[in-house]
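Residue numbers (UniProt numbering): 1 to 73.
Virtual Cβ for every residue (Gly too), placed ideally from N, Cα, C.
Note that the structure is predicted; figures quoted are calculated from it, not measured.
Reviewing the structure listed below.
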């Protein structure tokens, strides 16, 4: 057991409404190294292009994305 290689927990990071994986990655880059260094963070992005205004406009640059578009279902 002492010689076992410990794998980092893999965490799927999904961005919020009308943001992007790149934006989430920038946000989480502020986490302390003793937290982020213990995790394997996997960022998923590039869903549907956002069709409306993003709450992060002026803070983070576009493009922005949405996970679903209710008018297309």
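* **Beta carbon of residue 17 nearer than 8 Å to that of residue 66** => By 1-based counting over the chain shown, the position of residue 17 is 17. By 1-based counting over the chain shown, the position of residue 66 is 66. Contact flag set, yes.
* Grab me the residues of residue 2's own chain with a C-beta within less than 6 Å of its C-beta, minus the 5 sequence neighbours each way, in chain order. => Mapped onto the chain shown, residue 2 falls at position 2. If we look at residue 2 and ignore the five residues flanking it on each side, it has no Cβ neighbours.
* Between the Cα of residue 24 and those of 52, 41 and 37, spot the shortest distance and give me the residue it belongs to. => Position 24 of the chain shown, counting from 1, holds the residue named residue 24. Nearest C-alpha to residue 24: 41.
* **Residues near residue 8 in its chain [Cβ-Cβ closer than 7 Å; skip 5 each side]** => The sequence position of residue 8 within the chain shown is 8, counting from 1. Cβ within range, chain order: 38, 39 and 40.
* Roughly how many whole angstroms lie between the Cα atoms of residue 19 and residue 33? -> As a position in the chain shown, residue 19 is number 19, starting the count at 1. As a position in the chain shown, residue 33 is number 33, starting the count at 1. So the alpha carbons of these two residues sit roughly 24 Å apart.
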